[in-house]
Structures are given as C-alpha cells and as structure tokens.
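Those sequence lines, one after another, are chains A and B. With my numbering applied, the first sequence corresponds to residues 1 to 305, in that order. With my numbering applied, the second sequence corresponds to residues 1 to 316, in that order. Glycine residues also receive a C-beta, built at the ideal position from the N, C-alpha and C atoms. All figures in this text were calculated on a predicted structure; none of them were measured in a lab. Okay, so here's the structure we're looking at.
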Amino acid sequence: MKTKSTLLIAFLLCGFLTGCGKSDKKIMGVSFQTMNNPFFVDLDQGLRSVIETKGYELVTMDAQWNSLKQKNDISDLILQGASAIFINPVNWEGIRGSLLEAKKKGIPCIIVDVPVKDKELALSTVASDNVEAGRLAGKALVAACSSAKIGILQMSVNKACIDRVAGFREIIEQYLTMEIVDVQEVKGNTESARPVMRDMIGRFPDINAVFPINDPSAFGVISALESAGKLDNVKIVSVDGSQEAIAAIQSGKLHSTSAQFPFEIGKIAAETIFNHFDGETVEPDIKVRVALITAENAAQFLKKE
Amino acid sequence: MRRIKGLGPLFAAMIILLILFGVMVPNFLTRENLLDLLQQISVNAIIAFGMTLTIMIGGIDLSVGAVLALVGTSTIYVLSFGDAETQSLLHFVLAILTGLGVAGAFGAFNGVCAAKTKMPPFIITLATMMIARGSAYCFNQARPIPIADHQTVFLTIGNGRLFGVIPIPVLIMLVLFAVAGILLHRTRFGQHLYAIGGNREAARFTGIPLARTQIIVYILCAVFTGIAGMINVSQLYSAEPAAGIGFELDAIAAAVVGGTSFTGGIGTMNGTLIGAIIIGILDKGLNQAGVHFSIQDIVKGFVILAAVYMDVRRRK
Numbered sequence: 001m002k003t004k005s006t007l008l009i010a011f012l013l014c015g016f017l018t019g020c021g022k023s024d025k026k027i028m029g030v031s032f033q034t035m036n037n038p039f040f041v042d043l044d045q046g047l048r049s050v051i052e053t054k055g056y057e058l059v060t061m062d063a064q065w066n067s068l069k070q071k072n073d074i075s076d077l078i079l080q081g082a083s084a085i086f087i088n089p090v091n092w093e094g095i096r097g098s099l100l101e102a103k104k105k106g107i108p109c110i111i112v113d114v115p116v117k118d119k120e121l122a123l124s125t126v127a128s129d130n131v132e133a134g135r136l137a138g139k140a141l142v143a144a145c146s147s148a149k150i151g152i153l154q155m156s157v158n159k160a161c162i163d164r165v166a167g168f169r170e171i172i173e174q175y176l177t178m179e180i181v182d183v184q185e186v187k188g189n190t191e192s193a194r195p196v197m198r199d200m201i202g203r204f205p206d207i208n209a210v211f212p213i214n215d216p217s218a219f220g221v222i223s224a225l226e227s228a229g230k231l232d233n234v235k236i237v238s239v240d241g242s243q244e245a246i247a248a249i250q251s252g253k254l255h256s257t258s259a260q261f262p263f264e265i266g267k268i269a270a271e272t273i274f275n276h277f278d279g280e281t282v283e284p285d286i287k288v289r290v291a292l293i294t295a296e297n298a299a300q301f302l303k304k305e
Numbered sequence: 001m002r003r004i005k006g007l008g009p010l011f012a013a014m015i016i017l018l019i020l021f022g023v024m025v026p027n028f029l030t031r032e033n034l035l036d037l038l039q040q041i042s043v044n045a046i047i048a049f050g051m052t053l054t055i056m057i058g059g060i061d062l063s064v065g066a067v068l069a070l071v072g073t074s075t076i077y078v079l080s081f082g083d084a085e086t087q088s089l090l091h092f093v094l095a096i097l098t099g100l101g102v103a104g105a106f107g108a109f110n111g112v113c114a115a116k117t118k119m120p121p122f123i124i125t126l127a128t129m130m131i132a133r134g135s136a137y138c139f140n141q142a143r144p145i146p147i148a149d150h151q152t153v154f155l156t157i158g159n160g161r162l163f164g165v166i167p168i169p170v171l172i173m174l175v176l177f178a179v180a181g182i183l184l185h186r187t188r189f190g191q192h193l194y195a196i197g198g199n200r201e202a203a204r205f206t207g208i209p210l211a212r213t214q215i216i217v218y219i220l221c222a223v224f225t226g227i228a229g230m231i232n233v234s235q236l237y238s239a240e241p242a243a244g245i246g247f248e249l250d251a252i253a254a255a256v257v258g259g260t261s262f263t264g265g266i267g268t269m270n271g272t273l274i275g276a277i278i279i280g281i282l283d284k285g286l287n288q289a290g291v292h293f294s295i296q297d298i299v300k301g302f303v304i305l306a307a308v309y310m311d312v313r314r315r316k
C-alpha cells in the first residue's frame with residue numbers, strides 16, 4: 001500500500017520529466033517579473049533567437065510578481081552554473097541580494113527593460129529609451145495642434161514611466177501655447193485610468209490633449225472620453241505600440257503611440273553577453289530605439305496574420 | 001511511535017524525489033545546492049509550522065501572507081528611523097520587537113475572534129488579511145523600503161551563514177521546528193490541540209480551556225509568520241508592501257502534503273517539514289532541470305493531489 005502510493009508520485013513525475021531529460025548543453029537563464037504580458041513573451045523570443053543559435057539553452061522563469069520567488073529562481077540558476085543571467089526585476093532595489101550572489105560566483109547579469117538601483121552590480125542594462133518615447137509623444141502632439149490644455153496620467157513608482165513623463169515635459173515646456181493643467185496617478189492599467197480620466201474632465205472640461213503613460217491606460221482614457229461624448233475633441237498620445245493601440249489609431253480614437261521593441265531588447269541583451277564573452281568592453285547602459293506610430297505609418301506596424 | 005511510522009511513505013517520497021532529480025540534474029545533490037534548498041524553503045516552512053497548529057484545531061489562518069508584509073514594512077520603518085548613518089542596538093531591538101508585536105497583535109485579534117464569536121476562522125482571517133495588507137501599503141507611499149547597507153546585523157538574519165556554512169535562515173527554521181515540535185508532541189498544550197481538533201465538544205467537556213488554547217494557537221501562527229517576515233525582508237534588502245501574496249496557500253500546501261488533515265486533529269511537525277521540503281525539491285529540481293514554468297505548476301498541482309489522495313486512503 002505504502003510503496004504503491006510512493007510509486008504513484010514517482011510515476012507522475014517520471015511521466016512529466018522524461019521529455020526534459022538531462023543535457024550537457026550550456027545554459028543561460030532569464031527571470032521575468034511576470035509572463036502575463038505579451039511584451040515579455042516577445043522579449044523572451046528575442047533572447048532565444050540569439051542564444052539558441054549559439055548552442056546555449058535558455059531557461060525562462062516567471063517570478064509571478066513575487067520577489068522571493070525571483071530570488072530563489074535566480075539562485076537555482078546560479079547553482080546550476082548558468083553562463084549568464086538576464087533579469088527583469090520585480091523590485092528594483094530588492095534584486096540586490098541576487099546581483100551580489102551572482103557577482104560572487106562571477107556570473108554576469110544583464111538587466112532587461114526595468115532599470116535597477118545597483119547598476120554597478122550588473123554587466124549592463126538594456127531598456128527602451130523611455131525619455132525618447134516621451135519626447136516622441138510630445139512632438140506628435142505639438143505637430144497635431146498649435147495650442148493645447150494637457151492632462152497627464154502617470155505612474156510614479158515605475159522608473160520607466162517617470163522617464164517618459166520627463167521626456168514629454170521636455171518638449172511641451174518649450175511651447176508657451178502648450179499648458180499642462182493636471183497630473184494624476186494611475187496604475188498603468190485600463191481599470192484604474194478610466195475613473196481618473198472621468199474625474200479629470202469633470203474638473204477641467206476644456207482639456208483637449210492627454211498623455212497616458214502606456215497603452216492600457218490610454219484605453220481607459222478613450223473609454224472615459226467616449227462615454228462623456230468628448231473623444232472627438234481630445235488628442236491622446238500614448239506609449240507602447242501594442243497591436244490594439246495601432247488598431248485604435250487606424251480607427252481614429254488614438255492619435256499616436258511611441259512603439260517599444262521588446263524583441264529587439266531581448267536580441268540586443270543576448271548579443272551583449274556574447275560580445276562580453278568575446279572580450280569586448282560592453283556599454284553599461286544600452287538604450288533601445290523607440291518609434292512613433294501615427295495614422296500615416298500605422299499599417300506597417302500591424303502584425304500580419 | 002505510530003506517528004513516526006505514519007511518515008514512512010512521505011519520507012520515501014522525499015528520498016525518491018531527491019534521487020530522481022539527482023539523476024536528472026547534474027550537481028543537484030551537492031552540499032551547496034542542498035543547503036540552498038533548505039534556505040529557499042525556510043520562509044515557507046516557518047509559516048507552515050504555525051499554519052499546522054491552526055489547521056490542527058480545525059481552524060485556518062489566511063492572513064499570514066499579508067501579516068508577513070506588514071511585519072516587514074513596520075520592522076524596517078522602525079529600523080531606519082532617525083540617524084541614517086549608524087547602526088544602533090536600540091534600533092535593532094526596537095525594530096524586532098515592533099515586528100513581533102504587530103504579528104502578535106494580529107494573531108491575538110484572530111484568536112479572540114475565533115474563540116469568542118461564532119465567525120468562521122476562514123472569514124475572520126480573510127478580513128484581517130485585507131486589514132494587514134492595507135496597513136502594509138500605508139508605509140512609504142506603498143513603495144518598497146530599502147534596508148541601508150550599514151544595518152549589517154539585520155541583514156545577517158537573511159544572508160549570513162554560521163561558520164560560513166549553515167545559512168542563518170536555515171538555523172532559525174530548525175530552532176522553530178524544534179520549538180513547534182516540542183510544543184505539539186511533548187506538552188499538554190499539544191495534546192489539547194489534538195483533542196480540540198478531534199472533537200471540539202468532547203474537548204470542552206473534559207475541561208480543556210478552549211478559548212485560551214485557540215488564542216494561543218493563532219498568536220503562535222502569527223509570531224512564526226513575523227519571524228519569517230523578517231527573514232524575507234532581510235533576504236530581499238528591502239521591505240515590500242506587496243510581499244507575501246499567496247504565501248498562505250504555499251504554507252497550507254506544505255502542511256497538507258505533510259499529512260495535516262483539514263478536518264483537524266491529525267498532523268505532525270515532522271510531516272509539515274517534510275511537506276515543505278518536498279515542495280522545495282520540486283521547485284528547485286524542476287527549475288534546474290529547465291522545465292518550463294507552466295509545466296512546473298501543473299506538476300506541483302498533481303503532486304499535492306497525489307499526496308492528499310494517498311493520505312486519505314491510508315487513514316481509511
């Protein structure tokens with residue numbers, strides 16, 4: 001009876017694991033804050049596209065927004081003798097312990113997408129040029145209207161979003177006819193942006209331009225303006241370049257979005273590690289291009305089915 | 001004697017898993033990797049020891065994950081109070097006492113509600129979970145609070161090693177395991193827990209102090225969680241208000257895999273420790289075998305099912 005039940009567990013496991021078998025391949029690992037976002041799936045694909053052609057295996061880990069799980073996952077990779085580790089931190093300060101541990105074992109770490117506080121512990125940081133993404137949004141707005149009363153929806157806990165707003169302000173503040181009338185906090189998703197936008201047009205009925213820091217927030221803004229019957233009078237400039245946003249640009253609901261290129265971030269991060277292996281000096285802070293999408297060029301960014 | 005014998009299959013399952021991963025994963029059974037395994041399970045195991053006590057009396061504590069976060073933020077808030085440059089013993093002691101005090105208060109509140117009202121513990125602790133989580137978000141505008149580098153004593157709790165070998169969290173886990181084990185298996189208090197979980201009414205008639213025992217159990221569970229919370233923040237060099245989401249379920253899983261029965265009155269500390277180790281082996285082994293994260297959760301789900309199934313059959 002007892003042996004039967006223990007066998008049951010062993011059997012279940014064997015069933016699952018036979019496919020994975022052990023290999024003598026050299027491995028690299030990547031730990032994402034979450035995989036519940038197509039952005040990171042694309043980034044993972046970008047890493048994979050380089051790493052696998054070089055004969056390495058890439059182990060992808062999902063921290064599920066849990067810093068402790070991320071720490072444990074990374075220490076598993078370190079003890080497994082990974083040649084390099086790519087980290088997309090849940091907590092930009094809390095990742096310190098993992099970076100120290102990797103450094104002690106001499107394993108290079110590359111930070112992807114979200115910057116960390118202890119930059120010097122990592123080999124390099126590869127992320128979108130978020131300041132430029134904000135600038136592009138600002139320029140798109142300036143090009144579209146000669147004067148505007150602007151509302152900003154921001155997320156001040158996130159470094160990437162802080163940078164976007166800084167870039168946006170940099171452009172807007174050069175023009176006397178452009179005025180930022182209100183700045184509010186959102187959580188970077190549609191549910192939180194909608195009520196904030198409704199309140200904003202309640203207090204400032206003459207707002208005619210909005211900068212939500214990302215596409216999901218932009219959809220909350222669109223929804224709030226639509227139900228207030230004001231969507232036609234308000235220009236929205238966003239950041240991300242998601243497929244849904246491109247569709248919204250084509251249907252005239254969104255003015256522009258500054259596209260990021262997650263696949264490219266992954267690809268460049270992976271190339272950076274191989275440059276490092278070849279003995280080249282590596283740039284500590286690598287910015288990946290962003291591009292403005294408006295109605296004129298929207299079609300070419302739409303993924304073909 | 002019977003208790004030890006009952007753990008046979010569980011122990012065997014643990015050994016089989018170790019051998020299995022030892023064969024599949026190169027360097028799995030090295031000393032360094034196994035010590036790391038124990039370090040990784042320490043937070044979950046410590047919470048699970050407390051959880052086992054609550055499940056034992058037919059209760060449950062869903063607030064542990066949120067209490068862990070609140071203990072972390074309040075401890076670090078006090079620790080980093082005032083002079084930022086020097087490390088003082090006073091701050092350290094005050095911070096630890098604050099953390100344990102907060103945990104104890106939540107435990108006492110859960111316990112009193114469970115003992116003195118007819119509200120089910122599931123609902124009581126669901127509510128205190130929200131209260132603790134919200135309170136954790138009150139610190140530092142809901143942003144993580146970093147632990148300054150000069151707080152070397154506090155950082156040792158999560159990152160230090162005794163004699164450069166045994167991680168401090170593992171040491172703390174083993175001490176608390178001994179404490180919980182002795183409480184449950186070697187004292188009258190422990191016998192009362194089995195009696196209450198087995199048959200509450202019968203326990204009342206034999207004169208067991210029902211209310212007091214329940215309150216103590218919930219306080220113990222929360223204090224264990226508080227200690228785990230300090231290890232957690234020390235390991236992460238910062239206190240996150242969003243930490244510990246879902247930790248209650250991990251702790252329940254460890255207790256249940258270890259043979260603790262949800263109807264109460266059945267379970268052992270040895271079992272819970274082995275339960276936590278088995279889950280830890282799965283986490284680490286599947287990670288190091290390069291199994292995709294989606295498959296990992298599926299495997300863990302089946303293992304928990306299998307463990308509970310065989311437990312139920314064995315008890316028939």
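When Cβ-Cβ separations below 9 angstroms define contact, A:LEU68 makes contact with chain B. Interface criterion met: the Cβ of B:PHE293 is under 9 angstroms from a Cβ in chain A.
Restricted to the stretch 35–85 of chain A, the beta strand (DSSP E) segments that are unbroken, complete and at least 3 residues in length are 56–62, listed in chain order.
By the rule that beta-carbons nearer than 9 angstroms mark a contact, A:THR53 does not touch chain B. The C-alpha of A:GLU57 is placed about 35 angstroms away from the C-alpha of B:ILE157. Within the same chain, LEU58 come within 6 angstroms of A:ARG48 by CB-CB distance, once the 5 residues on both sides are set aside. By the rule that beta-carbons nearer than 9 angstroms mark a contact, A:ILE27 touches chain B. Taking A:ALA259 as the centre and dropping the five residues before and after it, the same chain places the C-beta of ASP240, GLY241, VAL290, ALA291, LEU292, ILE293 and PHE301 closer than 8 angstroms to its C-beta, in chain order.
Put simply, of B:GLY134, B:THR187, B:TYR218 and B:ARG212 the residue whose alpha carbon is nearest the alpha carbon of B:PHE122 is B:TYR218. Membership of B:LEU37 in the alpha helix (DSSP H) is indicated by the continuous run 31–56.
At least 9 angstroms separates the beta-carbon of A:PHE204 from that of A:PHE168.
Taking a cut-off of 8 angstroms for Cβ pairs, the stretch 225–243 of chain B and the stretch 144–155 of chain B touch, as three or more such pairs fall below it.
Contact between the stretch 268–280 of chain A and the stretch 111–128 of chain A is present: 3 or more CB-CB pairs across the two stretches fall below 8 angstroms.
In this structure, the beta-carbon distance from B:GLY197 to B:THR263 falls below 9 angstroms. Contact of A:MET61 with chain B is assigned, a C-beta pair being separated by under 9 angstroms.
The Cβ atoms of A:ILE107 and A:SER83 lie closer than 9 angstroms to each other. Under the three-state reduction of DSSP, A:CYS161 is assigned to helix. Ranked by Cα distance from A:PHE219, the first of A:ALA245, A:GLY229, A:ILE85 and A:SER67 is A:ALA245.
The way I'd put it, the stretch 85–100 of chain A doesn't touch the stretch 245–256 of chain A; fewer than three beta-carbon pairs between them come closer than 8 angstroms. Taking 9 angstroms as the cut-off, the Cβ atoms of A:CYS161 and A:ASN189 do not count as close. Per DSSP, B:MET269 is not a residue of any beta strand (DSSP E); the alpha helix (DSSP H) it occupies stretches across 269–288. Burial is judged here by how many other beta carbons sit within 10 angstroms of a residue's own beta carbon; A:LEU100 has fewer than 16 and is exposed. As the crow flies, the alpha-carbon of A:ILE180 is around 12 angstroms from that of A:ILE171. Flagged as an interface residue toward chain A: B:GLN235, by a C-beta distance shorter than 9 angstroms.
Between A:ASN275 and A:THR281, the alpha-carbon positions lie close to 8 angstroms from each other. When beta bridges are read from the DSSP output, A:GLY94 appears opposite no residue. B:MET269 places its beta carbon less than 9 angstroms from that of B:PHE177. According to the DSSP assignment, B:PHE262 belongs to no beta strand (DSSP E), since it is labelled neither H nor E.
Apart from sequence neighbours up to five positions away, the residues of its chain that approach B:GLY160 with a beta-carbon distance below 8 angstroms are PRO167 and ILE168, ordered along the chain.
Inclusion of B:GLY72 and B:MET230 in the CB contact set at 9 angstroms is warranted, their separation being smaller than that value.
For B:VAL299 and B:TYR309, the gap between their C-alpha atoms comes out near 15 angstroms. Between the stretch 63–72 of chain A and the stretch 243–253 of chain B there are three or more C-beta pairs closer than 8 angstroms, enough to call the two in contact.
The C-beta of A:GLU57 comes closer than 9 angstroms to at least one C-beta of chain B. 9 angstroms or more divides the Cβ of B:ILE295 from the Cβ of B:LEU37. No residue range can be given for B:PRO144, since it is assigned to no alpha helix (DSSP H) and is classified by DSSP as neither H nor E. Judged by DSSP in its simplified three-state form, B:ARG161 adopts strand.
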